[in-house]
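Student: Offset between the sequence shown (1-based) and the working numbering: plus 27.
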Amino acid sequence: MLKPMKTSNPLDIFLVDDEAEICWLMSIMIKKIGCNIDFVHSFSDALAKIKEKQYSLYFLDLNLPDGIGFDLLRHLKSENPKSIVYIVSAWDQEEEKRKALELGADGFLSKPFRREEILTIISPLLND
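So this is what it looks like as structure tokens:
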């Protein structure tokens with residue numbers, strides 16, 4: 028189990044998912060280890076938010092009410108190729124996983140995911 032960070036600059040994490048329960052659960056999990064999290068439920072809200080702020084880590088759902096997460100991934104990687112982006116989706120066929128990695132995603136989490144999977148992604152960033 029990760030302990031809360033002791034730093035003046037906690038990680039800023041951004042989650043885009045249309046499922047409010049996923050956002051709520053991830054925000055609790057991430058805040059418990061001392062990171063900041065912002066989340067939105069739509070493609071258009073995500074575009075607006077990422078214009079305002081750059082995040083340490085992005086989690087993107089693929090199936091959004093007004094767009095596809097792949098397009099958001101393309102946008103993030105074109106604006107900042109070093110962005111750390113993970114896809115979190117129930118669309119978890121090999122084709123989606125392959126496409127996500129080809130577009131520059133750092134990884135793919137299938138829903139439902141386990142808490143440990145999220146913490147494994149965040150942990151190395153806490154030590155930077």
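For each residue, glycine too, the CB sits at the ideal point set by N, CA and C.
These figures come from a predicted structure and were not determined experimentally.
Under a Cβ-count criterion, where at least 16 other Cβ atoms within 10 Å of its own Cβ denotes burial, should W51 be classed as buried or exposed?
Tutor: Against the sequence shown, residue 51 aligns to sequence position 24. Exposed, because fewer than 16 other Cβ atoms sit within 10 Å of the Cβ of W51.
Student: Which partner residues of Y85 appear in the DSSP bridge assignment?
Tutor: Counting from 1 along the sequence shown, the entry for residue 85 is found at position 58. For Y85, which the question treats as bridged, DSSP gives the partners F41 and V112.
Student: Is L130 helix, strand or coil by DSSP?
Tutor: By 1-based counting over the sequence shown, the position of residue 130 is 103. The answer is coil: DSSP assigns L130 none of H, G, I, E or B.
Student: By a C-beta neighbour count over all protein chains shown, 10 Å radius and 16 as the cutoff for buried, is S105 buried or exposed?
Tutor: Counted from its first residue, the sequence shown places residue 105 at position 78. Result: exposed.
Student: One question on the structure: do I40 and Y82 come within less than 9 Å of each other, judged by their Cβ atoms?
Tutor: Counting from one through the sequence shown, the residue named residue 40 turns up at place 13. Counting from one through the sequence shown, the residue named residue 82 turns up at place 55. Cβ atoms of I40 and Y82: closer than 9 Å.
Student: Pull up the distance between the alpha-carbon of A117 and that of S137, whole angstroms please.
Tutor: Here the question's residue 117 lines up with position 90 in the sequence shown. Here the question's residue 137 lines up with position 110 in the sequence shown. C-alpha separation (whole angstroms): 6 Å.
Student: From N107, I111, S110 and F135, pick the residue whose C-alpha is nearest to that of Q120; which is it?
Tutor: Stepping through the sequence shown from its first residue, residue 120 is reached at position 93. Answer by Cα proximity: F135.
Student: From the DSSP output, in three-state form, read off K33 for me.
Tutor: Looking up residue 33 in the sequence shown gives position 6. Summary for K33: the model assigns pLDDT 46, below 50, so the residue's position carries little reliability; its value from the coordinates is reported in the next sentence. For K33, the three-state secondary structure derived from DSSP is coil.
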